[in-house]
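Participant: For the sequence shown, the residue numbers in this note's numbering are -5 to 147. For every residue, glycine included, the Cβ atom is placed at its ideal position computed from N, Cα and C. Following this message is one structure expressed as structure tokens.
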Amino acid sequence: MAYIPVIATVVTTILSVVLARATLRYAKATDKSLALAREEFEREWSPELHIKLERVSASEAKIVVTNLAKISVLLQLVQWRKLSHGVPSLRWFLNEPLVGGMTWKETVGKRLIGSTGGDFQGAIAVSVTFYASGRLFRTDWFRFHVEVNRGNI
-5 MAYIPVIATV VTTILSVVLA RATLRYAKAT DKSLALAREE FEREWSPELH IKLERVSASE
55 AKIVVTNLAK ISVLLQLVQW RKLSHGVPSL RWFLNEPLVG GMTWKETVGK RLIGSTGGDF
115 QGAIAVSVTF YASGRLFRTD WFRFHVEVNR GNI
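Dropping the structure here:
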């Protein structure tokens, strides 16, 4: 009869250790899923824009800015530069809202020819500055190969 409390204590201790290990495993799994959810949230809601320069005709081109995130942004400034120059050769200010998943387009043929000159062959880089969540962001410089020959793109 004296062994029953000892056996009960040993069984209780073993069950406590097993439950403690199960709780630790559950806590680690929960931490991993929270980290994945945080990463997915950041990926979906952090602002990210993609810039494309498209030739429309011999004398016209257009810039296409696509919002890849869910969050809406407010486009403020487009600037581009020849890669041979360190300073942007052309800037223009905007105040255009861009909803998540949508694109904004504008024709830039005259601006392109004006900033590169009548004859140019080389690379230009384009960047966009925008507001999102009350903060000012700027995209990376997207590079494009441009050929302008006698005013034709």
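1. From Leu69 to Glu33, what distance separates their C-alpha atoms?
2. At which residues does the alpha helix (DSSP H) containing Arg37 begin and terminate?
3. Please go through the region 54 to 113 and give each complete alpha helix (DSSP H) segment of 4 or more residues, from N-terminal end onward.
4. Whole angstroms are fine: how far does the CA of Tyr20 sit from the CA of Thr133?
5. Exposed or buried, which one is Pro41 when buried takes at least 16 other CB atoms within 10 Å?
6. From Phe124 to Leu71, what distance separates their C-alpha atoms?
7. Taking one C-beta from the region 76 to 84 and one from the region 111 to 122 each time, how about it: are there three or more such pairs within less than 8 Å?
8. Alpha carbons only, please: which of Thr97, Val122 and Ala55 is nearest the one belonging to Phe87?
9. Counting beta carbon pairs with one atom in the region 87 to 106 and one in the region 54 to 65, are three or more of them shorter than 8 Å?
10. What are the partner residues of Ala126, as DSSP defines its beta bridges?
11. What is the rounded straight-line gap between the Cα of Gly80 and the Cα of Ala16?
12. What does DSSP give as the partner residue(s) for Ile118 in the beta ladder?
13. Under a three-way DSSP split, which group does Ile45 fall into?
Facilitator: Walking through what the data contain:
1. 25 Å
2. Tyr(-3) to Trp39
3. 103 to 110
4. 40 Å
5. buried
6. 7 Å
7. yes
8. Val122
9. yes
10. Arg129
11. 59 Å
12. Lys76 and Phe138
13. strand
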